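The working numbering applies: residue 68 is where the sequence shown begins, and numbers increase by one.
Cβ coordinates follow ideal geometry from the N, Cα and C atoms, glycine included.
What you are looking at is a predicted structure, and each value in this text was computed from that prediction instead of being measured.
Below: one structure, written as structure tokens.
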Amino acid sequence: MDLVVYLRGSNIHEYHQESVRRDLIEMLLDAQEHHENAQDVFGLDYKAFANEIIDNLPQKSRKMGFLENLSIILLALKILIPLLIAQKIILSLKNHDSIQSMEFLFGDVLSIGFIILSSILIYRFITTKAFETNNKGQLFLQWLIITLMLTCAIMFPLLFDQKLFNFSLIIIAMIYALIWGLSIMVERRYNEILSNDLKSKVSH
């Protein structure tokens with residue numbers, strides 16, 4: 068449902084997003100029992116209906132927004148780093164080079180950073196334009212952005228081949244473990260703040 072996708076991109080807590088999603092499903096099920104459709108329930112302007120919901124729900128604090136974005140970045144690193152390492156191992160084996168240590172290029176860092184930034188922007192774009200998914204121009208633009216992102220990610224290591232650093236596999240494993248640990252700490256802290264916010268609202 069476009070309405071739910073639009074709410075996912077808003078600045079309200081995930082708890083409230085899920086609560087609203089359940090309420091919307093219940094409203095639609097009730098409407099079906101009375102032989103009504105979504106327009107009868109939400110009106111003709113879904114976006115205005117969604118904005119009204121968002122305006123009447125608590126917004127995330129700046130701290131929660133920061134922790135959420137940091138969590139997304141760490142999650143992306145947990146996925147991208149093993150892919151990069153696997154690629155370098157395959158190339159090293161193919162060239163009969165040692166895999167005890169690995170060289171990282173400026174282009175590798177640019178590629179990872181570009182993929183993370185592009186993914187966040189694409190997510191924001193899709194959620195904010197959720198009610199325009201049937202627009203062929205919007206679909207083409209999404210396809211174009213994704214294609215550009217993948218092309219740049221592939222080309223950066225080839226264009227920017229300056230060597231930045233050389234790490235052994237042990238150091239790489241330690242850095243990866245550190246990222247995992249930091250990710251767990253950020254998620255716990257985020258959940259603590261969310262829990263405290265919900266408790267304070269219930270007490271009032």
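Fewer than three Cβ pairs drawn from the region 141 to 152 and the region 111 to 121 lie within less than 8 angstroms of each other, which leaves the two stretches out of contact.
Per DSSP, reduced to three states, the secondary structure at Glu-170 is strand. When the beta-carbon positions are compared, Glu-254 and Ser-138 come within less than 9 angstroms of each other.
Ser-128 sits in coil when the DSSP states are folded into three classes, being neither helix nor strand.
When Cβ pairs closer than 8 angstroms are counted between the two stretches, the region 226 to 233 is seen not to touch the region 125 to 137, the count staying below three. The three-state secondary structure of Ser-159, taken from DSSP, is helix.
Exposed is the label assigned to Asp-97, since fewer than 16 other Cβ atoms lie within 10 Å of its Cβ.
Per DSSP, reduced to three states, the secondary structure at Ser-77 is coil, with no helix or strand assignment.
The beta carbon of Phe-198 is closer than 7 angstroms to those of Asp-69, Tyr-73, Tyr-113, Lys-114 in its chain, skipping five residues each way along the sequence. Contact check for Ile-187 against Ile-121 fails: the beta carbons are separated by 9 angstroms or more.
Here Tyr-257 has Met-131, Leu-134, Glu-135, Ser-138 as same chain residues with Cβ atoms under 7 angstroms from its own Cβ, once five neighbours each way along the sequence are excluded. In terms of Cβ geometry, Thr-214 and Gly-76 do not form a close pair [threshold 9 angstroms]. Looking from the CA of Ile-179, the closest CA among Glu-170, Pro-224, Arg-191, Leu-211 belongs to Pro-224.
For Asn-118, the uninterrupted alpha helix (DSSP H) segment begins and ends at 113 to 122. When DSSP reads this structure, Ser-235 sits in a beta bridge with Ser-168. When DSSP states are grouped into helix, strand and coil, Lys-145 belongs to the helix group.
Beta-bridge partners assigned by DSSP to Lys-230: Leu-172. Inclusion of Ala-117 and Phe-181 in the CB contact set at 9 angstroms is not warranted, their separation being larger than that value.
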